[in-house]
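Trainee: Handing you this structure, nothing more for now.
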Amino acid sequence: MEFGFEVGNGKRDRDSEEQLWKMQLKQHGVDAWSVKRTDDGCLEAYVQNPDGSWNTQYYDEDTFELVQD
Numbered sequence: 001m002e003f004g005f006e007v008g009n010g011k012r013d014r015d016s017e018e019q020l021w022k023m024q025l026k027q028h029g030v031d032a033w034s035v036k037r038t039d040d041g042c043l044e045a046y047v048q049n050p051d052g053s054w055n056t057q058y059y060d061e062d063t064f065e066l067v068q069d
């Protein structure tokens, strides 16, 4: 049996995680508006297309390579 608890603000941790992913994606040429981890371990990035429209793209969390556009 295992017990645990979390100290701190879970939202703040998620915000910090999102900022880190956004910076890492930017280093790979992706300027994401928002980023979150999906249940299957990909990063879901909301990015603006050159024509001004928005698109959701999925990236590998380890390599930051595009998995699905």
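Per our numbering, residue 1 is the first one in the sequence shown, and the count goes up by one each step.
C-beta: ideal position from N, C-alpha, C; glycine also.
Report the three-state DSSP secondary structure of Phe5 (helix, strand or coil).
Mentor: For the purposes of this step, residue 5 is taken as the residue at position 5 of the sequence shown. Low per-residue confidence applies at Phe5: pLDDT is 48, beneath 50, and the placement is therefore not dependable enough to give any value.
Trainee: So Val67 and Val47 are supposed to be a Cβ contact under 8 angstroms. How far apart are they, rounded?
Mentor: The residue labelled residue 67 in the question sits at position 67 within the sequence shown. The residue labelled residue 47 in the question sits at position 47 within the sequence shown. Not really, about 14 angstroms apart at Cβ, beyond 8 angstroms.
Trainee: Just reading off the beta strand (DSSP E) that Ser34 is part of, what are its end residues?
Mentor: Indexing the sequence shown from 1 puts residue 34 at position 34. Note, Ser34: beta strand (DSSP E), 32 to 37.
Trainee: Only counting the same chain, and skipping five residues up and downstream in sequence, which positions put a Cβ closer than 8 angstroms to that of Glu18?
Mentor: In the sequence shown, the residue the question calls residue 18 occupies position 18. Only Ser34, Val35, Lys36 meet the Cβ criterion.
Trainee: Report whether the distance from the Cβ of Trp54 to the nearest heavy atom of the ligand GDP is below 7 angstroms.
Mentor: Of ligands this structure carries none, so the ligand GDP is not represented either.
Trainee: Taking only the alpha-carbon atoms, compute the straight-line gap between Leu43 and Arg14 and give it to the nearest angstrom.
Mentor: Against the sequence shown, residue 43 aligns to sequence position 43. Against the sequence shown, residue 14 aligns to sequence position 14. Distance between the alpha carbons of Leu43 and Arg14 is about 13 angstroms.
Trainee: Count the other CB atoms within 10 Å of the CB of Leu20; is the residue buried (16 or more) or exposed (fewer)?
Mentor: Counting from one through the sequence shown, the residue named residue 20 turns up at place 20. Leu20 should be labelled exposed.
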